[in-house]
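Note that the numbering used here has the sequence shown beginning at -13, numbered continuously upward. Don't be surprised by glycine CBs; every beta carbon is placed ideally from N, CA and C. I have placed the structure first, in the form of structure tokens, so that the comments after it can refer back to it.
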Amino acid sequence: MAVDMKIIGERLKVSRERIGLTQKHIAEYLNVDQSLVSKFESGERVISSDMLDALSALFCCSISALISNNDCIKPIEFAFRTTALDKEDLEALAIINKIALNQVQMEKLSKGVKA
């Protein structure tokens, strides 16, 4: 299956903006330069599967949702009392989102099982 980096880039940008993060936030979270994040979003550079995995957790959606036209689940609403988010804050958010994604998956699986 061929992957269109322009589509992925647009999905990354929309997902980032949806939760109110900057390219600088994403760059710090991924341990890369902000210019690389810009190139991902413009479709100029290929993003690694590890980075897609990290971003899917941060954006609270599956990797397949980031590389296709499938919508991510409604993002978890959160509010910070600071504008100084750092890498550790984003890592904690990603862990919480992974738990939420696992819960959604468990609920989907349990609907097929009779109690």
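If you look at Asn83, you'll find it in the alpha helix (DSSP H) that goes Lys73 to Ser96.
For Lys73, same chain residues with a beta-carbon under 7 Å away, outside a window of 5 residues either side, are Glu14 and Tyr15 in chain order. According to the DSSP assignment, Asp36 belongs to the alpha helix (DSSP H) that extends over Ser35 to Phe45. The three-state secondary structure of Val18, taken from DSSP, is coil.
Setting aside the 5 residues that flank it on each side, Val23 is surrounded in the same chain by Gln9, Ile12 and Ala13, each with a C-beta closer than 6 Å to its C-beta; the list follows chain order.
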